[in-house]
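Working notes, beginning with the structure itself.
Chains as they are written, first to last, in the working numbering: chain A, 57 to 168; chain F, 8 to 124.
Quick look at the structure:
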């Protein structure tokens, strides 16, 4: 069975600082991993995904994530935070029945 | 890219009435659609999975007689909240997937904010 753990329900960084949102997963099969972003009162938007191949995945809005099998992690990073990055971020792994198994979400707060 | 349109974006209804939420895939055929519910400050909770032309599969604890799901075509799924109560107030989000592969991403609607008074 798959599961996803996001460390930290809230992460606060200063504008211009590094953003690091943590995601660890468990999966009995090779995982497909996703990061989604949700802006207030909106649906979710795919940031990036890992399927196979290159372990460093680049997404939209300057975000990237690295798949580390040995650490069962898929942390999301951005070198320099922008005010517009304030949102909730969800990590997910694809389950055996094509559903997504979701992490609890991390709310990113950007301080001016 | 693939677009999923969800309507209405917000609705207020009186207790005891029914509300229908539509989810449409605009430029692809959605063989599978998912309905989620999101409580404030919580993650998404999968309510049900619907496949075109067949009955929806509901998650444990979700009342199928209260949350009616219809997936009549490859581009439309509807969620009807019947006899709504204030505790049904929530944010409902649909998502759709065109190809049944593990790595194909879901495409999400913008959600519907339901308030039951």
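Ideal Cβ positions, reconstructed from N, Cα and C, are used throughout, including at glycine.
Query raised in the report: Mapping DSSP to helix, strand and coil, what is residue 140 (chain A)?
Result: Helix, per DSSP.
Query - Span separating the alpha-carbon of residue 90 (chain F) from that of residue 22 (chain F) - result: Rounded to the nearest angstrom, the two C-alpha atoms are 7 Å apart.
Query raised in the report: Which residues mark the beginning and the end of the beta strand (DSSP E) in which residue 117 (chain F) is found?
Result: Going by DSSP, residue 117 (chain F) is part of no beta strand (DSSP E) at all; its letter is neither H nor E.
**Report entry** Whole-angstrom C-beta distance between residue 74 (chain A) and residue 67 (chain A), which should lie under 8 Å
**Finding:** Going by Cβ atoms, the distance from residue 67 (chain A) to residue 74 (chain A) rounds to 11 Å, so no, they are not a contact pair.
Requested in this report: Quick one: measure Cβ to Cβ for residue 9 (chain F) and residue 35 (chain F), integer angstroms, because I've assumed they're closer than 8 Å.
Outcome: 5 Å between Cβ atoms; contact.
Report task. Could you spell out the range, first to last residue, of the beta strand (DSSP E) harbouring residue 27 (chain F)? Result -> Counting along the chain, the beta strand (DSSP E) containing residue 27 (chain F) begins and ends at 26–32.
Query raised in the report: the segment 102–121 of chain A: which residues have C-beta closer than 9 Å to a C-beta of chain F, in chain order?
Result: Hits within the stretch, in order: 102, 105, 106, 107, 108.
Query raised in the report: How about residue 28 (chain F): is its C-beta nearer than 8 Å to some C-beta of chain A?
Result: Chain A, which has no Cβ nearer than 8 Å to the Cβ of residue 28 (chain F), makes this no.
Query - contact_flag[the segment 136–150 of chain A, the segment 93–105 of chain A] where n(CB pairs < 8 Å) is 3 or more - result: Judged by Cβ distances under 8 Å, the segment 136–150 of chain A makes contact with the segment 93–105 of chain A, as three or more pairs qualify.
Query raised in the report: What separation, rounded to the nearest whole angstrom, lies between the Cα atoms of residue 87 (chain F) and residue 13 (chain F)?
Result: C-alpha separation (whole angstroms): 13 Å.
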